[in-house]
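Residue numbers (our numbering), protein chains in the order written: chain A, 5 to 207; chain B, 5 to 207; chain C, 5 to 207; chain D, 5 to 207. Encoded as structure tokens, the structure appears first; notes follow it.
Protein chains: 4
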Amino acid sequence: MSATTSSPIEGAPATRARRADARQNADALVEAATELFAEAGVDVPARTIAARAGVGVGTLYRHFPLRSDLISAVFRRELDACVAAAAPLEEAYPPGEALDRWIMRYTQFVAAKRGLAAALHSGDPAYEPLATYFSTHLTPTLGRLLASARRAGEISQEVDAAEFLGAVADLCHGVRPGGAASGRAERMVGLLLAGLRSGEGGD
Amino acid sequence: MSATTSSPIEGAPATRARRADARQNADALVEAATELFAEAGVDVPARTIAARAGVGVGTLYRHFPLRSDLISAVFRRELDACVAAAAPLEEAYPPGEALDRWIMRYTQFVAAKRGLAAALHSGDPAYEPLATYFSTHLTPTLGRLLASARRAGEISQEVDAAEFLGAVADLCHGVRPGGAASGRAERMVGLLLAGLRSGEGGD
Amino acid sequence: MSATTSSPIEGAPATRARRADARQNADALVEAATELFAEAGVDVPARTIAARAGVGVGTLYRHFPLRSDLISAVFRRELDACVAAAAPLEEAYPPGEALDRWIMRYTQFVAAKRGLAAALHSGDPAYEPLATYFSTHLTPTLGRLLASARRAGEISQEVDAAEFLGAVADLCHGVRPGGAASGRAERMVGLLLAGLRSGEGGD
Amino acid sequence: MSATTSSPIEGAPATRARRADARQNADALVEAATELFAEAGVDVPARTIAARAGVGVGTLYRHFPLRSDLISAVFRRELDACVAAAAPLEEAYPPGEALDRWIMRYTQFVAAKRGLAAALHSGDPAYEPLATYFSTHLTPTLGRLLASARRAGEISQEVDAAEFLGAVADLCHGVRPGGAASGRAERMVGLLLAGLRSGEGGD
DNA sequence: AATGAATGAGGGTTCATTCAT
DNA sequence: TATGAATGAACCCTCATTCAT
């Protein structure tokens, strides 16, 4: 019985309709924000988002009182998908390759989401929840992949999963999907992964 | 006794003295901007910078009509020092080590200058001149170091100098000197350098 | 019972009521602008207008995003009244007198609206719409009056309606209602009208 | 012995040189202002004028502490020339034609001096001296021409010289030399002069 | 629950004017 | 006397956020 779910037994269909409406609005807002974050960064004006979603600003604030709430809503689903992509990769490939493939998937995701990297390292407390989401969901996933690869003798460098995720996100910074920088992030992340294999040991 | 140092035996006192004053203001502004860029990013309000320097806004605009002028003034000297540091390293060390040491020097510099990386990838045309400065000064320097290392058989990966510089700058993103992230940038750059040596060739 | 009059039997109360409020603000702004344009010219600061209307600047910009929007709002109604005044005069008086009377009415209107003339000839593109309004509404009206008078053999001079309107507006320039210059504009416009009758023909 | 002429006997040639320099600067400023007033109106920034004259702003303020001082300096010479043009016309032509010709000369002068008319009727006390100059120099000149013409039975309307001068200036408002409005002022002033002849008597 | 009007702080930039040199 | 650096008030305009309806 979460706080956002009201009593399971309620009679008025009107209320239910209301709720459905509200849900639709929230969805429209997330969709609009997704598009606009990609087009113009996470600092796009609130009114612009509301307008794109076809609702009033008030509605935006009702559903997402903090900007970070909207950011989280925008990225959470895809972040979850990213996490979920790990298991199949672990089954289908040997540890080293699973690691590479997952990181590349993550790279493409972050690169595609202009503003995500910026938000993560902005230092603005508003984005704390997003950082938290990373550390509770993505970091353990990468940690597992790294541990497997190490156990299999594939990587020799000691590396902190959170740090690595952050590094990859940073390398996607400023990349616009389809822009001139396309490919840059992937190449640099490739170097990072290659570095992981190098035999000099973790100093 | 350079022209900018006011000689004790002055030739045109009035003008010289005024110039010295103005110069001091410009210096104070650069200093204030340096601090504030580090504390709060390159988007810190013009008024704040002027106040910190103890001058009026008008003075800031007189000396640095464009924001990029101030950015350049803040970073140019140290950027030049960074470029100049390459030659001695090339003489004192074998190519591979010279490369590593120079990159680490560059890393520390960028990490110390919060806001530099952000400015570089902001996409704001105001920072174009800074990007240009990079491509005309730093990129050739790294290009030379990379070429030597490759000739010496030290590195096998194909890599674009500008891309690599950008990647390092990105990895320094969000790092506050002495902050919790300290060391992170260096570690990740180390991985990048290790990746350069890996034998898988440029794909 | 026009659409703009809030009917006592309201259909959609909430929205309607808000609209009424907003409308009142817009009206207050127009009123404040009218006064201030007269007192201090059309270049009076936006904040001053907002303050006089008892609203925030944002409200002013919401209702009148461009300065010319406010200008238009200030003058349009009276401009329309001026246009509408022509027909009755044409019916009630012979062509020559109708022309004189209408021009005098126009003169009094422009003289009462300090800033109108200035705006018209400022050359500032912001006031283009106002000039357009003149050429599409007032100019044809005067054109008709002039044509009738000429047909009736009352005037012999060839004159362009737009030019004549502009001239009258210019003659009202700097006139403050009730100020020392009062009467000056009317006298000079009278001379202009007398000149129209003179028999020397169009040169 | 005007107030601006210092003691006629002074020894130091250096001082004299100084004075010559100062005079040159003042002249350069007047010239620059003349150009800029025509190009951009009387509200052109002080620095722009100083720059065009090749002097510092301080020099501008030394010579013309008030903006109106500069305005006056700019127009006085030509205003004087305008006044001086009356006598020859009075000798060469019959009163009515002398009046017409002088008014047209005045019209062309004012039309050529963008900003003059605006300054005259701005209501800004800064331009008072200019208005005073008008009433003490130009007004009597026109008064004389009008009186002669009336005495000769050429004009029947009663008209105030100052008012008429103001009206002509207003009609030149917004006219840019060589611009689209060229000719408009002359045509309207022609109407005014024709009106002066009309036989309806001064009402 | 939705709306969007209103608020007003905030940041950029320009210039008139002063004044130390 | 000339200079031009410095000052800071004044304007413009844009949002984030609140709240009456």
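For glycine and all other residues, C-beta sits at the position ideal for the given N, C-alpha and C. For clarity, every value in this text was computed on a predicted model and none was experimentally measured.
Min CB distance residue i to chain B below 7 Å
i: G157 (chain A); result: no
i: A96 (chain A); result: no
i: L33 (chain A); result: no
Same chain, Cβ closer than 7 Å to residue i, neighbours up to 5 away in sequence not counted
i: G50 (chain C); result: Residue identity differs from the one stated: residue 50 (chain C) is Ala in this sequence, not Gly. Answer for A50 (chain C): V61, L64, listed in chain order.
i: L197 (chain D); result: D104, I107
i: G15 (chain C); result: Confidence in G15 (chain C) is poor, its pLDDT being 45 and thus under 50, which makes the residue's placement too unreliable to answer from.
i: V114 (chain A); result: L120, A121, V172, A173, C176
i: L169 (chain C); result: F138, L142, T143, L146
i: G58 (chain A); result: A32
i: L83 (chain B); result: Y137, H141, L142
Endpoints, the alpha helix (DSSP H) within which residue i is located
i: T140 (chain D); result: Careful: T140 (chain D) lies outside any alpha helix (DSSP H) and carries neither H nor E.
i: L70 (chain D); result: Looking at the DSSP string, L70 (chain D) is not in any alpha helix (DSSP H), and its letter there is neither H nor E.
i: E190 (chain B); result: 188-201
i: R109 (chain D); result: 99-116
i: I53 (chain A); result: 50-57
i: G170 (chain D); result: 165-175
i: E94 (chain C); result: 90-96
i: A122 (chain A); result: 120-124
Cβ-based neighbour list, residue i, same chain, cut-off 6 Å, excluding 5 preceding and 5 following
i: P181 (chain B); result: Because the pLDDT of P181 (chain B) is 47, which lies under 50, any placement of that residue in the model is unreliable, and the question is left without a value.
i: E94 (chain B); result: A102
i: G1 (chain D); result: Lying before the first or after the last residue shown, residue 1 (chain D) is absent from chain D, which here runs from 5 to 207.
i: Y131 (chain D); result: S72, A123
i: F68 (chain B); result: L74
i: R89 (chain B); result: Reading off the sequence, residue 89 (chain B) comes out as Ala, not Arg. Hits under 6 Å: R109.
Contact set between residue i and chain B, taken where Cβ atoms lie within less than 8 Å
i: E167 (chain A); result: R188, R191, M192
Minimum Cβ-Cβ distance from residue i to chain A less than 7 Å
i: S202 (chain B); result: yes
i: A198 (chain B); result: yes
i: L146 (chain B); result: no
i: H67 (chain B); result: no
Proximal residues of chain A, C-beta to C-beta of residue i below 7 Å
i: A1 (chain B); result: In the structure as shown, chain B starts at 5 and stops at 207, and residue 1 (chain B) therefore has no counterpart that could be examined.
Contacts of residue i in chain C (Cβ-Cβ under 9 Å)
i: Q112 (chain D); result: What Q112 (chain D) touches in chain C: nothing, since even the nearest Cβ is about 16 Å away.
Sequence-distant residues of the same chain with beta carbon closer than 8 Å to residue i, five excluded per side
i: R139 (chain D); result: For clarity, residue 139 (chain D) is Ser in the given sequence; the question names Arg instead. The residues are A166.
i: G45 (chain D); result: R118, G119, A122
i: S2 (chain A); result: Chain A is shown only over 5 to 207; residue 2 (chain A) falls outside these bounds and no answer can be derived.
i: A42 (chain A); result: A116, K117, R118, G119, P181
i: R80 (chain B); result: Y137
Residue-level contact to chain C via CB, residue i, 7 Å cutoff
i: L70 (chain D); result: no
i: L93 (chain D); result: no
Proximal chain A residues relative to residue i, where beta-carbon distance stays under 9 Å
i: L195 (chain B); result: Q161, V163, F168, A171, L195, L196, L197, A198, G199, L200, S202
Any C-beta of chain D under 7 Å from that of residue i
i: H141 (chain C); result: no
i: P17 (chain C); result: Here P17 (chain C) scores only 48 on pLDDT, less than 50, and its place in the model is too uncertain to base an answer on.
The ligand SAH heavy atom lying under 6 Å from the CB of residue i
i: V114 (chain B); result: Ligands displayed in this structure: none; no statement on the ligand SAH is therefore possible.
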